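This report concerns only the one structure given below.
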Amino acid sequence: MSSSNDLRNRMNESYSKMSKSQKLLASYITDYYDKAVFLTAAKLGEIVGVSESTVVRFATHLGYKGYPEFQNALEELVRNKLNSIQRMEVTYGRITQSEILESVLKSDAEKIHATLEKIDQKAFESAVDTVLHAKHIYIIGIRSCAPLASFMAFYFTLIFENVHLIQTSSSSEIFEQMVRISKDDVIIGISFPRYSMRTLKAMEFANKRNAKVITLTDSVHSPMNLYSSCNLIADSDMASIVDSLVAPLSVINALIVALCMKKQRQVASTLEMLEDIWDEYQVYENDEIDYIDDSIKMHYSKIGG
Numbered sequence: 003m004s005s006s007n008d009l010r011n012r013m014n015e016s017y018s019k020m021s022k023s024q025k026l027l028a029s030y031i032t033d034y035y036d037k038a039v040f041l042t043a044a045k046l047g048e049i050v051g052v053s054e055s056t057v058v059r060f061a062t063h064l065g066y067k068g069y070p071e072f073q074n075a076l077e078e079l080v081r082n083k084l085n086s087i088q089r090m091e092v093t094y095g096r097i098t099q100s101e102i103l104e105s106v107l108k109s110d111a112e113k114i115h116a117t118l119e120k121i122d123q124k125a126f127e128s129a130v131d132t133v134l135h136a137k138h139i140y141i142i143g144i145r146s147c148a149p150l151a152s153f154m155a156f157y158f159t160l161i162f163e164n165v166h167l168i169q170t171s172s173s174s175e176i177f178e179q180m181v182r183i184s185k186d187d188v189i190i191g192i193s194f195p196r197y198s199m200r201t202l203k204a205m206e207f208a209n210k211r212n213a214k215v216i217t218l219t220d221s222v223h224s225p226m227n228l229y230s231s232c233n234l235i236a237d238s239d240m241a242s243i244v245d246s247l248v249a250p251l252s253v254i255n256a257l258i259v260a261l262c263m264k265k266q267r268q269v270a271s272t273l274e275m276l277e278d279i280w281d282e283y284q285v286y287e288n289d290e291i292d293y294i295d296d297s298i299k300m301h302y303s304k305i306g307g
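Offset between the sequence shown (1-based) and the numbering used here: plus 2.
Quick look at the structure:
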């Protein structure tokens, strides 16, 4: 049971035993949870018309150690019900500007750690094996997941010959790009809340064509898992205006490294060929910043003088 449901249940189960003041608090929180989440115990008491100590006792009456723990449960309650701006205020509204960098980086590090703790190693190995033996590899990620799909496709193209990054703004374009998908192929669908219906439709279409379906999403309860045979689960916090996709990117990195290790010879050959092409066509000559040696520095200093 999630803590958000837990808070609602605790209030419902305890309501008949609550004092008049506690019932006022429960009613206010039920009706105005999106406002209550931003309030200190003192401010909440002031609005409802009770003392700060009554608010604290209300939290302990519900089984929480104190108001901060109660407020954390309240944050969970509202997190999926608020718009982007409100979600940002829930997460970062009570920290100062100087704390933002540390707070965000620590939060991302925690998501990677949580993902490592719960990701299914067998599912990961199955994904590696499935991609390795697929005739064609299709990758789809919409909206904020599009950069993840592009990143995966960029490196997969260095490993495999038939990689298709589905880039689309409509469902019809998806099916046009997937028209030849078959049982010998695999599609990797990347989607996190708010889930993409277009990504889900692509995976349903692939499933109907008997293609292998791999999903990278945030939960076993994600609708993205409806059509997949292999689920890679990574923590993603949608509690702010910016989607945190650090943990999913780490899983993608691990997938790329695992596949490179399986196809070391082919990858090395491809990279050698690319180096020759880059040299021949001077691909990076005007596009890559390199160190400036002392002779060039001297040349420029003389010109400047």
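All C-beta atoms, glycine included, are put in the ideal place defined by N, C-alpha and C. Only a predicted model underlies this, so the values are computations on that prediction, with no experimental measurement involved.
- For threonine 219, the enclosing beta strand (DSSP E) has its first and last residue at 214–219.
- Using a 10 angstroms sphere on the CB of glutamate 274, the tally of other CB atoms stays under 16, which defines it as exposed.
- The three-state secondary structure of glycine 47, taken from DSSP, is helix.
- Rounded to the nearest whole angstrom, the C-alpha separation of asparagine 209 and serine 21 is 56 Å.
- The alpha-carbon of proline 149 is positioned some 22 Å away from that of alanine 116.
- Under DSSP, the beta-bridge partners assigned to glycine 191 are Ile142 and Thr217.
- Taking the Cα of alanine 43 as reference, the smallest distance to any Cα among Leu76, Gln123 and Lys113 is reached at Leu76.
- Shown here for valine 58: same chain residues with a beta carbon closer than 7 Å to its own, the five before and five after excluded, namely Ala43, Gly68 and Tyr69 in chain order.
- Annotation for alanine 38: Tyr30, Ile31, Leu46 and Leu76 place their beta carbon closer than 7 Å to its own, counting only its chain and skipping 5 residues before and after.
- Valine 58 sits in a helix when the DSSP states are folded into three classes.
- Between isoleucine 235 and alanine 129, the C-beta spacing is not below 8 Å.
- Three or more Cβ pairs drawn from the region 198–214 and the region 126–145 lie within less than 8 Å of each other, which places the two stretches in contact.
- DSSP places cysteine 262 outside any beta strand (DSSP E); the residue lies instead in the alpha helix (DSSP H), whose first and last residues are 248–264.
- In the structure shown, histidine 63 adopts helical secondary structure according to DSSP, grouped into three states.
- Taking the Cα of isoleucine 168 as reference, the smallest distance to any Cα among Ile161, Phe162 and Ile176 is reached at Ile176.
- Spatial neighbours of methionine 154 in its own chain (CB-CB distance under 6 Å, excluding positions within 5 residues in sequence) are listed in chain order as Ile141 and Ile254.
- DSSP, read as helix, strand or coil, puts leucine 41 in coil.
- For the options His223, Phe162, Leu9 and Leu261, the alpha carbon positioned closest to that of glutamate 71 is the one of Leu9.
- Scanning the region 155–180 for uninterrupted beta strand (DSSP E) segments of 3 residues or longer gives 165–168, listed from N- to C-terminal end.
- In the assembly as shown, isoleucine 102 is an exposed residue. Its beta-carbon has fewer than 16 other beta-carbons within 10 Å.
- If you draw a 10 Å sphere on the C-beta of asparagine 233, you find 16 or more other C-beta atoms in it, and that means buried.
- With 16 or more other Cβ atoms inside 10 Å of its own Cβ, valine 50 counts as buried.
- A distance below 6 Å between beta-carbons, with the five flanking residues on each side excluded, links isoleucine 192 to the following residues of its chain, in chain order: Gly143, Cys147, Leu150, Ala151 and Leu218.
- In the structure shown, isoleucine 235 adopts extended strand secondary structure according to DSSP, grouped into three states.
- Buried is the label assigned to glutamine 24, since at least 16 other Cβ atoms lie within 10 Å of its Cβ.
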